[in-house]
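Before any comments, here is the structure.
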Amino acid sequence: MTKERQLLEMINRIKSNDGPYTHSDPYRPAYHLSPPFGLMNDPNGLLYFKGRFHVFFQWNPFGTDHRTKVWGHFSSTDLLHWEGHPPALVPGEWYDRNGCYSGSAIEHDGKMYLFYTGNVKKLNGERESYQCLAISEDGIHFEKKGPILHVPKGYTSHFRDPKVWRHNDHWYMVLGAQSDAFQGRAVLFSSTDFCHWQMLGPIAGSHWNHSGDLGYMWECPDFFHLQGKDILLFCPQGLEPKGMNYNNLYQSGYLAGRWIPGTNHYEHGEFRELDRGFDFYAPQTFVDPKMRRILIAWMGMGDENERYHPTVEKGWIHALTLPRELKVIGDHLYQTPIDEIQNLRRGEPIRLHIDMNRDHSEYSATISPHSEIIVHVHSLTSGPLEITIRNNIQFSYDTDHGIFTLRRKKFNGNQYESRQCMIGKLSKLQIFLDSSSVEVFINDGQEVFTARFFADPEDHSFLIASDSQATVDLQIYSLLASYPVFR
Ligand code: FRU
């Protein structure tokens, strides 16, 4: 049986009942996208097409490791309720035999065009990469057109993840690459017909154009204009930890600058991380009908933690982040959850005004594992403010040093690990809690921490405590579950 046939049978099996998205799995996200089975990684091909939002994703449906990648597919009319579709791209051709790797989507003349990387492993262990095209009339069924671009001279076969967009009369494609000297690069191409691509050259890179060391390989680039800035998102590999920065195995961040269209001339500032938590990688953006620039990322990391996710036993691993709206303030990207998420709020919130120096220094509650918690901090004179969720995740803010810390229980054992960043003054936290994930938006998106965590399923505790003088307003909404449906 071909892989494609095998896969369709697996999907048909999950249509006949509630499928895998049920409350009986305590770690199954209730309102974040996760795979019905197998391993999910990068979001791909984000696009609004003929009235629906499309989210494709890297998917190994055959296991929870990083072998055979197909393009899984969800679509939605409101970015909240998702329908699962058969995979859009499955490896099988000579040019994508070992994986249909990451890429992007555009709409042109009423058709959907997918650009992806065909990954081929040769018998001698070497890799080949082809940038490929597939086209669809309905956004569900795709016809592969084969390779449209080969690896150019000067680069290794780590050349992948095409992101395509239109500017004036041209189509542009940015690719993640590694130079022959093993330096990460983002390389730009242009075309007028999708089939012939002219190389404009690298727009940014490690040890290139006055940049310092930015790693040996760049994955998943995205390049767009937003509020007067040209922003390059990319995922550099090979950065050494530096204080509070670069503490994950791989990074995900951006440059802000000015690009001269039609050229590879791009002046930019310093690299900044997009998210300060443990589990955030391969973000991709698109523009929606309201002209918002929306980002979705893989809420995961291909690190050793994968071995310890308790969901592996249940046959699935990983999820995607909430869709987030991007804004530029100065040279800095701010991320906020899209407003639509408010439609998941169920009933009235718990509302509390806590005057820590007058009442107690501690307040506790029982909360739903799917909650949104909003904390307005009115005054915090000195000392720490701490929020502990389900005895596993803890946020703390050190007023004296302006440091924000996220701690979580390690996936193996009872010890804790942490990530930190400086934020200056703390005024607001918006925390999205799902069955096994947390995203905290600080000061309306100035910084975000994203992390998976696996708490005791019975523990629904929430605790806020402070040794200092603090006045906070708290709202806790319980959120509706919104599991994807396969029809
Ligand atoms: C990033 C990445 C991409 C590649 C894909 C394969 O997580 O390594 O560079 O296209 O995953 O699944």
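So the sequence shown is numbered by the working numbering: it starts at 115 and just counts up by one.
In this text, a Cβ means the ideal position worked out from N, Cα and C, and glycines have one as well.
Heavy atom of the ligand FRU within 7 Å of residue i beta-carbon
i	result
Arg566	no
Glu608	Given a span of 115 to 601 for the chain in the structure shown, any question on residue 608 remains unanswerable.
Asp156	yes
Arg513	Checking the sequence, you will find Thr at residue 513 rather than Arg. No, the beta carbon of Thr513 sits no closer than 7 Å to any heavy atom of the ligand FRU.
Ser218	no
Gly290	yes
Asp275	yes
Gln449	no
Gln544	no
Lys183	yes
Gly159	no
Tyr94	Residue 94 lies beyond the stretch modelled for the chain, which goes from 115 to 601, so this question has no answer here.
Tyr215	yes
Gly416	yes
Thr435	no
Gln245	no
Thr231	yes
Gln172	yes
Residue from the options whose Cα sits closest to the Cα of residue i
i	options	result
Gly281	Gly357, Trp373 and Gly298	The question names Gly, yet the displayed sequence has His at residue 281. Looking at the Cα atoms, Trp373 is the closest of the given residues.
His199	Trp208, Phe188 and Gly206	Phe188
His272	Gln351, Asp336 and His222	Gln351
Trp285	Trp208, Val265, Val234 and Pro375	Pro375
Phe151	Arg438, Asn126 and Val169	Asn126
Ser250	Pro261, Phe229 and Gly206	Phe229
Could you check whether the stretch 571 to 588 touches the stretch 444 to 454, counting it as contact only if at least three pairs of C-beta atoms, one from each stretch, sit closer than 8 Å? Counting Cβ pairs under 8 Å, fewer than three are found: no touch.
Contact between the stretch 171 to 179 and the stretch 235 to 242 (3+ Cβ pairs under 8 Å): With contact defined as three or more Cβ pairs closer than 8 Å, the stretch 171 to 179 and the stretch 235 to 242 are not in contact.
When the Cβ atoms of the stretch 552 to 568 are set against those of the stretch 447 to 464, are three or more pairs found closer than 8 Å? Contact holds: three or more Cβ-Cβ distances are below 8 Å.
Taking three-plus beta-carbon pairs below 8 Å as touching, is the stretch 388 to 406 in contact with the stretch 345 to 358? Verdict: yes, contact present.
Secondary structure, beta strand (DSSP E): runs of 3+ residues fully inside the stretch 304 to 367: 312 to 319, 331 to 340 and 343 to 351, all fully within the stretch 304 to 367.
Between the stretch 290 to 305 and the stretch 248 to 261, can you find at least three pairs of beta-carbon atoms closer than 8 Å? The stretch 248 to 261 vs the stretch 290 to 305: no contact.
Check whether the stretch 409 to 421 touches the stretch 303 to 312, taking contact to mean three or more Cβ pairs, one atom from each stretch, closer than 8 Å. No, because fewer than three Cβ pairs between the stretch 409 to 421 and the stretch 303 to 312 fall closer than 8 Å, the two stretches do not touch.
Whether or not the stretch 147 to 159 and the stretch 418 to 437 are in contact is what I'm after, with contact meaning three or more pairs of Cβ atoms, one per stretch, closer than 8 Å; do they touch? Contact between the stretch 418 to 437 and the stretch 147 to 159 is present, with at least three C-beta pairs closer than 8 Å.
Contact between the stretch 215 to 227 and the stretch 152 to 159: three or more CB pairs below 8 Å? The stretch 215 to 227, when compared against the stretch 152 to 159, does touch it at the 8 Å Cβ threshold.
In chain order, which continuous runs of the beta strand (DSSP E) of length 3 or greater are located wholly inside the stretch 182 to 222? DSSP runs (the beta strand (DSSP E)) wholly in the stretch 182 to 222: 184 to 190, 197 to 203 and 214 to 222.
Within the chosen definition, does the stretch 379 to 396 reach the stretch 117 to 125 through at least 3 CB pairs nearer than 8 Å? The stretch 379 to 396 is not in contact with the stretch 117 to 125.
Is there contact between the stretch 581 to 596 and the stretch 474 to 489, where contact requires at least three CB pairs shorter than 8 Å? Yes, the stretch 581 to 596 is in contact with the stretch 474 to 489.
When you compare the stretch 288 to 296 with the stretch 329 to 343, are there three or more beta-carbon pairs, one atom per stretch, that lie closer than 8 Å? Taking 8 Å as the limit for Cβ pairs, the verdict is that the stretch 329 to 343 does touch the stretch 288 to 296.
Any chance you could list the alpha helix (DSSP H) runs of at least 4 consecutive residues sitting entirely within the stretch 153 to 178, in chain order? Complete alpha helix (DSSP H) runs here, min 4: none at all.
Which runs of the beta strand (DSSP E), 3 residues or longer, sit entirely within the stretch 237 to 267? The stretch 237 to 267 contains these whole beta strand (DSSP E) runs: 241 to 250 and 257 to 264.
Would you check if there are 3 or more beta carbon pairs closer than 8 Å linking the stretch 510 to 523 to the stretch 538 to 547? Three or more Cβ pairs drawn from the stretch 510 to 523 and the stretch 538 to 547 lie within less than 8 Å of each other, which places the two stretches in contact.
In chain order, which continuous runs of the beta strand (DSSP E) of length 3 or greater are located wholly inside the stretch 382 to 463? Those beta strand (DSSP E) runs which fall completely within the stretch 382 to 463 and span 3+ residues are 395 to 401, 407 to 412, 438 to 443 and 446 to 451.
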